[in-house]
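Engineer: Take a look at the following structure, please.
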Amino acid sequence: MRVCELLDEESRQWDRGKIETMFALRTRQEILAVPLDHLNSPDTLIWTENKAAKFTVKTAYRLALHLNMQPWAEHSSSRAFKPAWSKIWTLNVPPKVRIFLWRACSNCLPTRENLHRRRKRVDTRCEFCHQQSENTSHILWECPFAQNLRDKLIQRELEQWATTAWSIWNARNKFYFEHVQLQPKTIVDVARDLLVEYQRLVALQ
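Next up, the structure:
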């Protein structure tokens, strides 16, 4: 989205109605606080979280920790977890899979248990087994849905597992929001094809 899309064409000021519809309160306040003194200048992408002014996953990770300000997201023992984080960030998998892994390890996924903790009115039980509370560990490891999928894997290398875990999460969302249940083989195939295609493109660069 460009800045001009958030402006009122007649007044050349912020379109407050559109901004209030699209953004949360804090974001609205930050946008409306920006002066419109240079309307004739072209839009420019700016990332202020590092000196190079360039977006990186590392700085996005640090920013996410700062914004959440939750005890489970602060990682006070981050030094102890540094080897694990380093391994995640260096996996030869698509960036969205690495980000998914970070969110899973940081308990940032919008599981039913997390939504309930944030005072959303949801049943915390897993949509698949209807027995245990739906948290990250349950979705990716403990639920029979995930166990059946893991049992079908012959070789569980870390990169394949990471992509498969991401595929399980996507399948969970498809079932939850679209009421479509994918077969374990389909989920494995999606993960495998994504990983093969991504690594092929990386090798060509």
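Offset between the sequence shown (1-based) and the working numbering: plus 11.
Think of the CB as a built atom: it goes at the ideal place given N, C-alpha and C, for glycine as much as any other residue.
#1: With a threshold of 16 other CB atoms inside 10 Å of the CB of Ser22, please say whether the residue is buried or exposed.
#2: Tell me, please, which residues DSSP counts as bridged to Ser148.
#3: So what does DSSP say about Arg136, is it helix, strand or coil?
#4: Do Leu212 and Thr174 come within 8 Å of each other at the CB atom, strictly closer than that value?
#5: Following the continuous alpha helix (DSSP H) through Val199, name the residue where it begins and the one where it ends.
#6: When the Cα of Gln226 is compared with those of Gln158, Asn61, Pro46, Glu124, which residue comes out closest?
#7: Since I believe Glu208 is in contact with Leu102 (beta carbons under 8 Å), could you give me their beta-carbon distance rounded to a whole number of angstroms?
#8: Quick one: Cα of Tyr72 to Cα of Val199, how far?
#9: Out of Gln143, Ser144, Trp152, Phe139, state which residue places its alpha-carbon closest to the alpha-carbon of Asn184.
#10: Going by beta carbon distance, what residues of the same chain come within less than 8 Å of Thr147, once the five residues before and after it are set aside?
Structural biologist: This is what the structure gives:
#1: Here residue 22 corresponds to residue number 11 of the sequence shown, with the count starting at 1. Looking at its Cβ environment, which holds fewer than 16 other Cβ atoms inside 10 Å, Ser22 is exposed.
#2: Sequence index remark: in the sequence shown, residue 148 carries index 137 (1-based). Paired residue(s): none; Ser148 is not in a bridge.
#3: Counted from its first residue, the sequence shown places residue 136 at position 125. Correct three-state label for Arg136: strand.
#4: Numbered from 1 along the sequence shown, position 163 holds the residue referred to as residue 174. Numbered from 1 along the sequence shown, position 201 holds the residue referred to as residue 212. Contact: no.
#5: The residue you call residue 199 lines up with position 188 of the sequence shown. Counting along the chain, the alpha helix (DSSP H) containing Val199 begins and ends at 195 to 215.
#6: With the chain covering only 12 through 216, there is no way to say anything about residue 226.
#7: Looking up residue 102 in the sequence shown gives position 91. Looking up residue 208 in the sequence shown gives position 197. Not confirmed; about 15 Å, so no contact.
#8: Taking the first residue of the sequence shown as position 1, residue 72 is located at position 61. Taking the first residue of the sequence shown as position 1, residue 199 is located at position 188. Near 28 Å, if we compare the C-alpha coordinates of Val199 and Tyr72.
#9: As a working note, residue 184 is residue 173 in the sequence shown. Among Gln143, Ser144, Trp152, Phe139, the Cα nearest to that of Asn184 belongs to Phe139.
#10: The residue given as residue 147 occupies position 136 in the sequence shown. The answer, listed in chain order, is Ala115, Asn118, Leu120, Thr122.
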